[in-house]
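Enquirer:
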Amino acid sequence: MWQTLIAVLGTLAGALAAGLMQARIAHTARNAARADVRRRDSVNAVTDLAVALSDHRRAMWELGDARLTGADTGRVQALRDESHRTRSAVTAPAVRVQLLTPEVQAPARLAVQATYAMRHPKDAHELEILRRRALDAHDALIATAAPHLCAPVAEGELRVR
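Residue numbers (our numbering): 1048 to 1208.
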């Protein structure tokens, strides 16, 4: 009788332990999957913002150059329209970066502001200075994001987690 009772209790304890371990493993796997999705979303947000800023910086350069070189009104208007389109394209990825990657919020804001600052240059020299500042802020954004979104693989190499 006691042997049967001990066997039943042992079986129940084993089943309980196995169930708890399985639940813990499933919980850990879900957390890892969530972290992977968040990391991927963060990489996509930073990438999308970098592309949008590059497009807007190019549009602002072309618009500033056209204004400063006395291009015809139609060309300036077309470039202004393009700059409005590219500026609008910055908004969504900028918001996603602010929400998903708190580690790069400040560099992202600086990169956006530096690109927007190219709006009314006084001359070609100032346009080039503003462009360089925007490029530097863009590079700082990427340099800040990389360690947070990439894992070391080998000496000197990085890979997306």
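Where is the CB? At the ideal position from N, CA and C, for every residue including glycine.
#1: In the DSSP assignment, find the unbroken alpha helix (DSSP H) run with residue 1111 in it and report its ends.
#2: Could you round the C-beta distance between residue 1084 and residue 1151 to whole angstroms and report it? I think they count as a contact, below 8 angstroms.
#3: For residue 1157 and residue 1182, what's the separation of their Cα atoms in angstroms?
#4: Leaving out five residues on either side along the sequence, give the residues of the same chain with a beta carbon under 6 angstroms from the beta carbon of residue 1187.
#5: Would residue 1110 and residue 1171 qualify as a contact pair, given that the criterion is a beta-carbon distance under 8 angstroms?
#6: Quick one: grab the DSSP three-state call for residue 1208.
#7: Straight-line CA distance for residue 1193 to residue 1121?
#8: Going along the chain, which residues of its own chain have a beta-carbon closer than 6 angstroms to the beta-carbon of residue 1180, five neighbours each way excluded?
#9: Near residue 1099, which residues of its chain fall below 6 angstroms by C-beta distance, leaving aside the five closest residues on each side in sequence?
#10: Could you pull the start and end residues of the alpha helix (DSSP H) that residue 1192 belongs to?
#11: Just verifying my parser: in three-state terms, what is the DSSP assignment at residue 1164?
#12: Measure the alpha-carbon distance for residue 1054 versus residue 1060 and round it to whole angstroms.
Expert: The structure says:
#1: 1049 to 1115
#2: Between residue 1151 and residue 1084 the Cβ distance is about 18 angstroms, and since that is not below 8 angstroms, they are no contact.
#3: 11 angstroms
#4: Shown here for residue 1187: same chain residues with a beta carbon closer than 6 angstroms to its own, the five before and five after excluded, namely 1154 in chain order.
#5: no
#6: Because the pLDDT of residue 1208 is 47, which lies under 50, any placement of that residue in the model is unreliable, and the number read from its coordinates should be weighed accordingly. In this structure, residue 1208 counts as coil in the three-state DSSP scheme.
#7: Rounded to whole angstroms, residue 1193 to residue 1121 spans 42 angstroms at the Cα level.
#8: For residue 1180, where only same-chain residues beyond five positions count, the Cβ hits under 6 angstroms are 1161.
#9: Cβ neighbours of residue 1099 beyond the five flanking positions: 1136, 1137, 1140.
#10: 1171 to 1196
#11: coil
#12: 10 angstroms
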